[in-house]
Amino acid sequence: MLDFLGDLQRTHMCGALRASDAGKKAVLMGWVNRRRDLGNLLFIDLRDRSGITQVVFNAERNPAIHKKAEGLRNEYVIAVIGTVKQRDPNTINKNIPTGEVELVVDELRLLNESKQPPFLPGETVLPNEEMRLKYRYIDLRRDVMQRNIELRHDVAKAIRESLSAQGFFEIETPFMTRSTPEGARDYLVPSRVQPGSFYALPQSPQMFKQILMISGFDRYFQIVRCFRDEDLRADRQPEFTQIDLEMSYPQQESVWRVVEEFLLASFKAAGVEIKPPFPRMSYDQAMRLYGIDKPDMRLPAMTDIREALTPEELEEFTSKFRVRKDLPVQLIRIPKVGDISGTERRTIGTYGAFQHTQGGSFVQLMTDPKRFAKDYPALSEKVIQFAKVEADDLWILAGALNKPEIAAVAEQSLQHFCEKCGFLRLDLAQKYAAKHVAFEKSGDPEKDFKFLWVTDFPMFEWDRESKRWNAAHHPFTSPHENDMAKLEANVHSVNDPKSPLGEIRALAYDIVLNGTELGSGSIRIHRQDIQSKIFQALGMSDEEARSRFGFFLEALEYGTPPHGGIALGLDRIVMILAGADSLREVIPFPKTARAVDLMVDAPTPVSDAQLRDLGIQVKKS
Ligand code: ASP
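So the mapping is simple: our numbering equals the position in the sequence shown, first residue as 1, plus 3.
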């Protein structure tokens with residue numbers, strides 16, 4: 004028989020009682036996390052989101068209640084009224100904050116029963132993820148998940164407070180809208196009232212936030228859901244949450260300061276003291292030094308050793324190793340790896356992303372520094388000094404293979420070569436993670452959280468598949484003022500891979516943390532004439548631009564102030580702060596890699612009647 008809650012009220016949460024409460028009456032409510040039956044004494048660990056309290060049913064003190072308690076099972080929901088008692092010193096549990104006390108029960112109310120759950124929140128061994136997602140409500144009861152979701156709340160709250168204090172208004176923008184310019188596939192919502200027409204779910208509120216600047220709100224932010232139909236990875240979800248903001252009359256630095264301020268506040272809410280301002284690095288520099296536009300700075304950069312050599316030495320070295328001297332010769336080093344076997348050395352470059360992207364095909368590797376030192380003692384000494392190689396570092400050299408037939412391939416550009424080296428650096432970093440331990444938390448925020456602003460991104464990037472220039476960020480991004488002439492001169496070269504369009508810098512920036520891109524933003528185009536030029540350069544006819552973004556182009560003509568902004572991934576930030584390895588660990592109801600919600604079982608087919616209403620016919624495959 005179940006009891007009613009009636010007007011019984013909790014006096015404490017399950018994580019609250021301390022030794023100083025001994026002797027007090029208390030009313031606790033929660034789930035039966037675990038029970039131990041010692042005959043006359045029955046112990047229950049009672050759990051709620053704040054923690055666990057041990058409650059005791061004593062057969063001698065109260066036989067009827069003890070009898071009732073014998074029927075309790077895992078995950079039953081109960082209320083207990085009792086007296087807080089200090090535990091005997093030898094039964095104190097140091098692992099939990101309430102471990103010095105227990106509640107001796109005088110009254111028990113059984114509020115609800117539970118079927119035997121497929122797994123128990125209190126167990127340390129986890130079931131597979133499919134099970135966790137199907138029974139997400141049970142999974143979310145687990146201590147770690149409760150903490151992750153609480154952390155998410157704390158972080159979001161700190162961000163809201165910080166941005167509000169910095170003069171930003173939180174303003175909502177529509178979910179049912181039209182295609183936005185982020186370049187992924189849209190999720191579509193069919194219109195019933197206008198059959199054959201569709202809303203698109205926003206990939207971001209980009210145009211709305213710019214319009215809010217045109218509307219005079221000066222500073223806008225929103226913690227907002229965005230929808231992108233992309234192939235999923237561990238750090239992607241079809242719907243994800245951005246901290247989206249836009250401001251009027253900014254320099255790039257003003258946007259960066261705003262972000263640094265709210266990151267400082269939100270990390271503080273998570274107990275981490277970071278120290279802005281964050282370092283800055285241009286895109287070109289990042290590519291040369293790290294071979295990637297989101298450098299993980301917890302490990303050393305690559306060193307182009309050409310500068311350390313005399314022209315004669317460089318000549319000799321590059322010809323012996325058959326590498327080009329007009330491209331960098333990169334020294335890649337991973338600290339603290341120590342000695343590795345010859346076999347292990349020989350496999351360098353045969354695994355991970357480097358191999359996967361066929362990096363070996365034109366990257367020449369020197370993976371045996373000992374042999375190198377024997378053959379070229381002077382050179383080796385110089386290189387080691389120049390690149391500040393330490394005794395237990397693993398280091399290798401990578402050069403661009405000098406074969407005429409390969410050199411002829413346009414792709415063997417500086418950027419392409421550096422990218423390959425960057426992959427290799429990251430492969431090695433992964434492989435020897437247990438040795439260098441740079442990816443483990445040390446407790447020192449300056450080492451554990453390496454922030455970086457990457458700046459001066461290219462405005463356009465060449466798309467090898469469609470053989471055309473695309474906007475590298477989005478088409479509303481402003482080019483550098485001093486690159487305007489170049490833009491003007493090259494608006495008709497969208498299909499020319501050699502076009503100087505590739506040299507135009509954008510006022511675009513990314514914020515990177517530990518090799519993860521947390522967010523991107525830019526100063527926007529606020530002038531209609533420049534916006535048209537960009538569309539033109541992207542090969543978009545006036546008509547096409549009008550039909551896709553007409554309302555926006557028109558809005559630009561009504562006194563648009565200079566403006567700019569950024570959007571950061573909230574899920575990613577929380578994931579990193581939680582030390583989790585998947586976004587699913589910090590999103591209450593996430594989707595699988597196949598974009599399925601296993602708990603509610605979505606997506607699903609819909610009824611014929613619904614389809615008829617929408618004027619939609621589904622092809623049977
Ligand atoms: N809308 C952009 C994005 O989602 C961010 C921005 O430019 O503010 O990546």
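Here a beta-carbon is modelled for each residue, glycine too, at the ideal position from N, C-alpha and C.
What is the residue span of the alpha helix (DSSP H) that residue i lies within?
| i | result |
| --- | --- |
| D142 | R139 to D142 |
| M487 | M487 to A492 |
| P314 | P314 to K323 |
| S257 | Q255 to A272 |
| R471 | Unbroken run through R471 is the beta strand (DSSP E), R471 to A474; no alpha helix (DSSP H). |
| R549 | D545 to L559 |
| M216 | Q209 to I217 |
Looking at residue i and the ligand ASP, is the gap between the Cβ and the nearest heavy atom below 6 Å?
| i | result |
| --- | --- |
| G524 | yes |
| I533 | no |
| S207 | yes |
| G568 | yes |
Given this structure, state the Cα-to-Cα distance separating residue i from residue j, to the nearest angstrom.
| i | j | result |
| --- | --- | --- |
| G518 | L20 | 42 Å |
| R181 | V609 | 23 Å |
| D51 | V87 | 17 Å |
| A583 | I576 | 10 Å |
| A311 | A540 | 42 Å |
| Q169 | F592 | 31 Å |
| I399 | Y512 | 31 Å |
| F554 | Y79 | 57 Å |
| K71 | L111 | 8 Å |
| G74 | S117 | 12 Å |
| G274 | I619 | 52 Å |
| G542 | Q149 | 50 Å |
| A401 | F172 | 50 Å |
| P380 | I387 | 11 Å |
| Q358 | A432 | 15 Å |
| N627 | N77 | Missing from the structure shown is residue 627; the chain here goes from 4 to 624 and no further. |
| M179 | G341 | 56 Å |
| D545 | I351 | 51 Å |
| R615 | D142 | 38 Å |
Leaving out five residues before and five after residue i in sequence, what residues of the same chain have Cβ atoms less than 6 Å from its Cβ?
| i | result |
| --- | --- |
| D396 | R336 and P338 |
| E422 | G294 |
| E105 | Q57, V59, K88 and R90 |
| A161 | A268, S269 and A272 |
| K385 | A311 |
| D466 | N473 |
Residues in the same chain with beta-carbon distance under 8 Å from residue i, minus the five sequence neighbours each way, listed in chain order, please.
| i | result |
| --- | --- |
| E468 | none |
| N626 | Examination of residue 626 is not possible in this model, given that the chain is present from 4 through 624 alone. |
| L302 | I337, P338, R428, A432, H439 and A441 |
Tell me the residue span of the beta strand (DSSP E) that contains residue i.
| i | result |
| --- | --- |
| Y512 | A511 to L516 |
| Y293 | Premise fails: Y293 lies in the alpha helix (DSSP H), Y286 to Y293, not in any beta strand (DSSP E). |
| I569 | H566 to G572 |
| K28 | K28 to L41 |
| R228 | R222 to F230 |
| N115 | V104 to N115 |
| D247 | E242 to S251 |
| N61 | G54 to N61 |
| R349 | No beta strand (DSSP E) holds R349; the alpha helix (DSSP H) holding it covers G345 to R349. |
| Q197 | Counting along the chain, Q197 falls outside any beta strand (DSSP E), and DSSP gives it neither H nor E. |
Report all residues from its chain with a CB closer than 7 Å to the CB of residue i; omit the five preceding and five following residues, and keep chain order.
| i | result |
| --- | --- |
| T607 | none |
| L136 | T595, L601 and M602 |
| Q245 | S207, V227, C229, A570, L571, G572 and L573 |
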